Each structure stands twice: as structure tokens, then as C-alpha cells.
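A short write-up of the structure that comes next.
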Amino acid sequence: MSQPTLHDLHRPLGSTGLLVSPLGLGTVKLGRDQGVKYPSGFKIPDDGEAKMLLKMSRDLGINLIDTAPAYGRSEERLGPLLRGQRQDWVIVSKVGEEFDNGVSRHDFSGAHTRRSVERSLQRLETDFIDLVLVHSDGNDLAILNESQVYETLAELKREGKIRGFGLSGKTVEGGLKALETGDCAMVTYNLNEQAERPVIDYAAAHGKAILVKKALASGHVCLSPGVDPVRASFELVFGHPGVASAIVGTINPLHLAHNVATVAQVLRNL
């Protein structure tokens, strides 16, 4: 039996005009192995391994890739790795969080936001980024109300440097506020954590985009015996019509193939 793919299961990313695979590839593990919350350690893949992972993702119908300045060297590695393939990928990056020498710091000022996007464009070797999300420190409402980050992203969108913007937040209030004028919210939604569901409800009602992070609870998911945790997770996530895609950051080709097959099966049974 051939490996199922997601090629014919791409769906709208809210009202951005972009079509994305229901599974996106998270790339924190391509650039950073310090201060990450995974149940087991891992080795950052070398260029050959990373190239194979990206080719496999593409062959399996994944066109959505998620990165961030806070993911260590992820962006600067993806630039060369994706050369000649720009038309094949919808690229999501972030602003607001920096990661230097093992320490995270945040800056949501307008000047930093613009500098950060310009730097991401250079690192990713592209003229535009499809979607830029504010990498929240948890103070979602304060960031949106008191900094220039959203205004600056709106300017960058008008300039054509980004196609859409939104918030990768941690609160319902922040997610709802972010969707009022933004295009997308990235929310945590999994078998253990469903507090941000109202944000997904709002997005579904208003034609906005939702990306789900930690769909598999960052690898920590646990269920009763005999239940496939990956399948149960994706059934929950895609059971909500407001969800466009789930970002899963795996560097294990077997996990990737299993995730794709499971998502394909879940979506065909909905």
C-alpha cells in the first residue's frame, strides 16, 4: 500500500488567500537544542539530514513550514536548504523573541519588529514571508495594546514584505484581540489543554486563520491503553472546523510519515 499524502488535502489559511497543508513542519529542532521542552534529548540534524527531511515533507504534501528567530539557527539554515523551492512553501516566521547564548529575551518595539522581519527575509533568502506571528511572552494583551508590533506588521504587509500577520499567544483574550485586526492566531490545543478553544470558535465565525501548536502536547501525550495518542490528538484538532493546520516539529522521518498518514485518514473520515 502506498504512503498516504496530503497533496489533495490543502485548505485555506483563513482569508489570506494562501492554501496550506493540514500539517506544517515546525523547525525549532533544526536550529536549537538548548532550553527546549521535549521529553527526550535530540541531536540537531546536519544539512544532509535536514535536506532529506524537507524533501520528504514536500513529497508527502506538506507545504507549510514554521520557523522563528528564537529557534537558534533555524532561519539561516532554511535559506540555503530551500533554495530554488520558494514557490513550494508557505513560510511562517515570528517577531518579538530573540534567543542568544541559551537565553530568551523579548522586544516588541516597532523598530525591532521591522529589523527582525528584514533580517528574516535575508536569512530565508526571500522577498516576502507568507505569515509573521508575534512570539508572545505570555503578556498577550499588553503586547497588542501597548507596543507598536501590530502596527509595524500591518505596514510591512502593505509594503508586500509579508502576506499576513498574527499572534502566537498564550491567552484567550490575546488570541481574540489578535484576530480583530490580524489574519491568524496560533494557539495551543491538544488532549491536555483546550482553554484556547474560544479563539478557534471566533476564527471559524470570522474567516480568520488558526494554526495549532503543541497538537501532540510536545510529545508528552498519554492516553488509556489501546488508543493511538497521535490519532486521538488529530481527531480533536481537526474535529474543529476553525483549524487550518497543526504545526508539528519532528525530525524523525518515521514519525513524520506516521503523522501524515494519520492526518490524511482523520480528514478523510470527517
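Residue numbers (the working numbering): 25 to 294. Even glycine gets a Cβ: it sits at the ideal position worked out from N, Cα and C. None of the values given here were measured: they were computed from a predicted structure.
- Scanning the stretch 213-269 from its first residue to its last, the whole beta strand (DSSP E) runs of 3-plus residues come out as 233-237.
- With fewer than three CB-CB distances shorter than 8 Å, the stretch 70-77 does not count as touching the stretch 28-36.
- Between histidine 230 and leucine 203, the C-beta gap is smaller than 8 Å, which places the two residues in contact.
- Bridge pairing for lysine 118: Leu157 [DSSP].
- In its chain, beyond the 5 residues on either side, Leu88, Asp90, Ser269 and Ile271 have a beta carbon closer than 6 Å to the beta carbon of glycine 48.
- Taking C-beta separations shorter than 7 Å and ignoring five residues to either side along the sequence, the partners of phenylalanine 152 in its chain run Gly184, Lys185, Ile186 and Arg187, following chain order.
- Beta-bridge partners assigned by DSSP to alanine 209: Leu191 and Ile234.
- A Cβ-Cβ distance of about 6 Å is found for the pair leucine 200 and valine 223, placing them in contact under the 8 Å criterion.
- In the displayed model, proline 28 falls within coil according to three-state DSSP, outside both helix and strand.
- Counting along the chain, the unbroken beta strand (DSSP E) around isoleucine 89 starts and ends at 88-90.
- Taking glycine 206 as the centre and dropping the five residues before and after it, the same chain places the C-beta of Phe189 and Gly190 closer than 6 Å to its C-beta, in chain order.
- DSSP lists Phe123 as the bridge partner or partners of serine 128.
- Rounded to whole angstroms, the Cβ separation of cysteine 208 and lysine 232 is 7 Å, and the two are in contact under 8 Å.
- Looking at the DSSP output, arginine 35 shares a beta bridge with Val44.
- Counting along the chain, the unbroken alpha helix (DSSP H) around isoleucine 167 starts and ends at 164-170.
- Annotated three-state conformation of glycine 50 is strand, per DSSP.
- Check the Cα spacing between aspartate 154 and each of Val173, Ser117 and Gln109: the tightest is with Ser117.
- Threonine 176 and glycine 134 do touch by the CB rule: their CB atoms are close to 4 Å apart, below 8 Å.
- Inter-segment contact for the stretch 134-144 and the stretch 102-110 is absent: fewer than three beta-carbon pairs are separated by less than 8 Å.
- Sixteen is the threshold: since fewer than 16 other Cβ atoms of the shown chains lie within 10 Å of the Cβ of leucine 294, the residue is exposed.
- From the listed residues Ala178, Gly198, His136 and Glu149, the smallest Cα separation to asparagine 163 is found for Gly198.
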